[in-house]
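Chains as they are written, first to last, in my numbering: chain A, 22 to 305; chain B, 22 to 305. Please read the structure below before turning to the comments.
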């Protein structure tokens, strides 16, 4: 495949996208957009982009596909900044963790959504920045696209082909189904982990707590080392679905707490067995 | 070291204890106690014990040290069954996850606690049974002993030496400090994981939820595959400390939920940064 691609935000996600396309033989030019010329120069040296542009309008000039891989809190401002430079047929896609907020941002900044293909690669590491990028990040991972009824099919297919070049599998979901699913499987677990680590760190003897940390807690602490700004943005962007998940979880935790309080061994055993059965059934 | 050792409950924990001592050259006889003669025969074949006994009194005859590695719900009954066979100077120790309940069980079954050394190896896997036992299970792991004021020092030292032969590090804590610490670092995280997996499994589309499971959720599902009976016993045995941890956590989760509801980005960011700072500070 060829054609110019612009990547706004050349960090772990955007940088790995560029590296993966180049590794797969993509022969169009890949332009990186960013505010920091030195970081763009580093991305060029690493081979993630062919050249960098700090001016958004100049950066998207001539691009057939524009990928937004910026923090969700910056999405609307970046879209507004590059909008005047977009080619008439340019396809705009993104890599944000919440699709409803991207659709709102794109509608506000671009008006028409016919060539907007919201996307979310389910991939990442605990690190950030282009220095952490690598071409295999998306190999075997899922990328969920959430085209709207007005999105032109040709644009969706174009974005699917690009992601498949990176080694990812693509799937389509509605915006609402995506955001509800991710609230349950990713955003809520992160909230629980951040909450636990924070609660323990403010307890009587955090040094001892972390020193004696057993298996269960270790997994939590690893989750809680994720980027705080990204997670604030996710909470704000996916507020409604996350609130629903938090409230449902709280009801469940209350019921479990009551069983502990009452010494209800039969109730606790049934609850733990349901969880283990589901895990073994779905996760093999 | 030598002297006869009796292990009541030759599963993952008891079996690995026997295998580790033998691998380290322990030259006393190791006797396994259990209800199932075939399982004891398997433990002999695997080299975890020298011989098995289904009669508790016969099993502890002549033993200088008795390790209880049975489910916590069976602890009191097993102690009562073997008590009549205990040698006058025999040291009784255990491997249960909750120390307060073991002390209550030992007091009820044995009366005197002078030669009782409550212990808890912070080690295990998702598997159970003697077939899952291996001699390196305790290598580099912590074993917390919680001797009581009346416990004779010689017995504590004897148990410490045995655990160190398995490759573990030993530490001493009070019963109360141990149970509070483990409630926070192990029991509470397991409750949160069981609760989450159970809640999602009973949701609209559990198949999709588990299929799209992202990083955060995968860690939870692994935790939730632990043995339900063991966790029921832990909940009942450490009820008070676990309730305190659950209630403190609920207050924290409520505060976080309110920040999400209010769209309080500054509050959320501060919370996530505190968690990340604590994690990076204590976990390196």
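Virtual Cβ for every residue (Gly too), placed ideally from N, Cα, C.
From residue 267 of chain A to residue 82 of chain B, what does the alpha carbon distance come to, in whole angstroms?
Residue mapping note: residue 267 of chain A aligns to position 246 of the first chain, counting from 1. Residue mapping note: residue 82 of chain B aligns to position 61 of the second chain, counting from 1. So the alpha carbons of these two residues sit roughly 55 Å apart.
Quick test of the definition: if touching needs 3 or more C-beta pairs under 8 Å, does the segment 26-43 of chain B touch the segment 52-71 of chain B?
Taking 8 Å as the limit for Cβ pairs, the verdict is that the segment 52-71 of chain B does touch the segment 26-43 of chain B.
Say whether the segment 183-193 of chain B touches the segment 140-150 of chain B, bearing in mind that this needs 3 or more beta-carbon pairs closer than 8 Å, one atom from each stretch.
Short answer: they touch.
Spatial neighbours of residue 192 of chain B within its chain, please: C-beta separation below 8 Å, excluding the five flanking residues on both sides.
If you number the second chain from 1, residue 192 of chain B lands on position 171. The answer, listed in chain order, is 163, 164, 165 and 166.
Can you check whether the C-beta of residue 246 of chain A is within less than 8 Å of a C-beta belonging to chain B?
As a working note, residue 246 of chain A is residue 225 in the first chain. Taking Cβ atoms only, chain B reaches closer than 8 Å to residue 246 of chain A, which makes this a yes.
Can you tell me whether DSSP reads residue 162 of chain A as helix, strand or coil?
Against the first chain, residue 162 of chain A aligns to sequence position 141. Correct three-state label for residue 162 of chain A: coil.
Check each candidate in B/115, B/212, B/204 and B/203 and name the one with the smallest Cα separation from residue 168 of chain B.
As a first step, residue 168 of chain B is located in the second chain; it is residue number 147 there, counting from the start. Comparing Cα positions, the closest option is B/115.
Nearest-angstrom Cα distance between residue 119 of chain B and residue 62 of chain A?
Here residue 119 of chain B refers to the residue found at position 98 when the second chain is read from its first residue. Here residue 62 of chain A refers to the residue found at position 41 when the first chain is read from its first residue. Cα-Cα distance, rounded: 57 Å.
With a threshold of 7 Å on Cβ separation, who are the neighbours of residue 224 of chain B within its own chain once the five nearest residues in sequence on each side are excluded?
Sequence index remark: in the second chain, residue 224 of chain B carries index 203 (1-based). Counting only Cβ-Cβ distances below 7 Å, and skipping sequence neighbours, we find 230.
Please list, in chain order, the chain A residues whose beta carbon lies closer than 7 Å to that of residue 249 of chain B.
Against the second chain, residue 249 of chain B aligns to sequence position 228. Ordered by position in chain A, the residues that pass the 7 Å Cβ test against residue 249 of chain B are 290, 293, 294 and 297.
Please list, in chain order, the chain A residues whose beta carbon lies closer than 7 Å to that of residue 220 of chain B.
Stepping through the second chain from its first residue, residue 220 of chain B is reached at position 199. Simply 269, 270 and 273.
Whose CA, out of A/249, A/177, A/220 and A/232, lies closest to the CA of residue 208 of chain A?
The residue you call residue 208 of chain A lines up with position 187 of the first chain. Nearest option by C-alpha distance: A/249.
Could you check how far apart the C-beta atoms of residue 97 of chain B and residue 44 of chain B are, in whole angstroms? I think they sit under 8 Å.
Indexing the second chain from 1 puts residue 97 of chain B at position 76. Indexing the second chain from 1 puts residue 44 of chain B at position 23. In fact, because the Cβ distance is near 32 Å, the residues do not count as touching under 8 Å.
Would you verify that the beta carbon of residue 301 of chain B is, or is not, closer than 8 Å to some beta carbon of chain A?
Residue mapping note: residue 301 of chain B aligns to position 280 of the second chain, counting from 1. For residue 301 of chain B, the answer is yes, since a Cβ of chain A falls inside 8 Å of its Cβ.
Quick test of your reading: residue 33 of chain A and residue 153 of chain A, contact by CB under 8 Å. State the CB separation rounded to the nearest angstrom.
Within the first chain, residue 33 of chain A is the residue found at index 12, counting from 1. Within the first chain, residue 153 of chain A is the residue found at index 132, counting from 1. Yes, residue 33 of chain A and residue 153 of chain A are in contact; Cβ-Cβ is about 5 Å, under 8 Å.
For residue 279 of chain A, does the three-state DSSP call read helix, strand or coil?
Start at 1 with the first residue of the first chain, and residue 279 of chain A comes out as number 258. Helix at residue 279 of chain A.
By the criterion of Cβ-Cβ separation under 7 Å, what are the contact partners of residue 215 of chain B in chain A?
The sequence position of residue 215 of chain B within the second chain is 194, counting from 1. Residues of chain A passing the Cβ test: 292, 293 and 296.
Report the start-end ranges of each beta strand (DSSP E) in the segment 75-111 of chain A that is 3 residues or longer and not cut off at the edges.
Runs found: 86-89.
Locate the beta strand (DSSP E) running through residue 52 of chain B, then write down its first and last residues.
Mapped onto the second chain, residue 52 of chain B falls at position 31. Unbroken beta strand (DSSP E) run through residue 52 of chain B: 51-54.
Among B/135, B/206, B/285 and B/251, which has the Cα closest to the Cα of residue 148 of chain B?
Here residue 148 of chain B refers to the residue found at position 127 of the second chain. When only C-alpha atoms are compared, the closest one is B/251.
Along chain A, in chain order, which residues have C-beta atoms closer than 7 Å to that of residue 241 of chain B?
Locating residue 241 of chain B in the second chain gives position 220, counting from the first residue. The contacting residues are 210.
Would you check if the distance between the CB atom of residue 64 of chain A and the CB atom of residue 180 of chain A is smaller than 8 Å?
Taking the first chain and counting its residues from 1, one reaches residue 64 of chain A at position 43. Taking the first chain and counting its residues from 1, one reaches residue 180 of chain A at position 159. No.
Looking at the secondary structure, which residues open and close the beta strand (DSSP E) in which residue 140 of chain B lies?
The count along the second chain starts at 1 and reaches residue 140 of chain B at position 119. It spans 140-142 - the beta strand (DSSP E) in which residue 140 of chain B sits, taken as one unbroken run.
Take residue 243 of chain A as the anchor and find which of A/255, A/109, A/256 and A/212 has the nearest alpha-carbon.
Your numbering for residue 243 of chain A matches position 222 in the first chain. Taking only the C-alpha atoms, the option nearest residue 243 of chain A is A/212.
With a threshold of 8 Å between beta-carbons, can residue 170 of chain A be considered close to chain B, or not?
What you label residue 170 of chain A is simply residue 149 of the first chain in a count that begins at 1. Not an interface residue.
Can you pull the chain B neighbours of residue 97 of chain A, defined as C-beta to C-beta under 9 Å?
The count along the first chain starts at 1 and reaches residue 97 of chain A at position 76. Those within 9 Å of residue 97 of chain A in chain B number zero; the least Cβ separation is about 15 Å.
Show which residues of chain B have a CB atom less than 8 Å away from the CB atom of residue 233 of chain A.
Here residue 233 of chain A refers to the residue found at position 212 when the first chain is read from its first residue. Going along chain B in sequence order, the residues near residue 233 of chain A (Cβ under 8 Å) are 143, 163, 165, 202, 203 and 206.
Just to confirm the assignment, what range does the beta strand (DSSP E) spanning residue 27 of chain B have?
Taking the second chain and counting its residues from 1, the one referred to as residue 27 of chain B is at position 6. Looking at the DSSP string, the run of the beta strand (DSSP E) that includes residue 27 of chain B is 26-29.
Kindly identify the DSSP beta-bridge partner or partners of residue 256 of chain B.
As a first step, residue 256 of chain B is located in the second chain; it is residue number 235 there, counting from the start. Beta-bridge pairing links residue 256 of chain B to no other residue.
When we look at the beta-carbon of residue 46 of chain B and count the other beta-carbons within 10 Å, is it buried (16 or more) or exposed?
Mapped onto the second chain, residue 46 of chain B falls at position 25. That one is exposed.
Can the beta-carbon of residue 273 of chain B be found closer than 8 Å to that of residue 216 of chain A?
Your numbering for residue 273 of chain B matches position 252 in the second chain. Your numbering for residue 216 of chain A matches position 195 in the first chain. Cβ distance < 8 Å, so residue 273 of chain B and residue 216 of chain A count as in contact.
Taking residue 33 of chain B as the query, report the chain A residues whose CB atoms sit under 7 Å from its CB, ordered along the chain.
The count along the second chain starts at 1 and reaches residue 33 of chain B at position 12. Ordered by position in chain A, no residue passes the 7 Å Cβ test against residue 33 of chain B, which lies about 14 Å from the chain.
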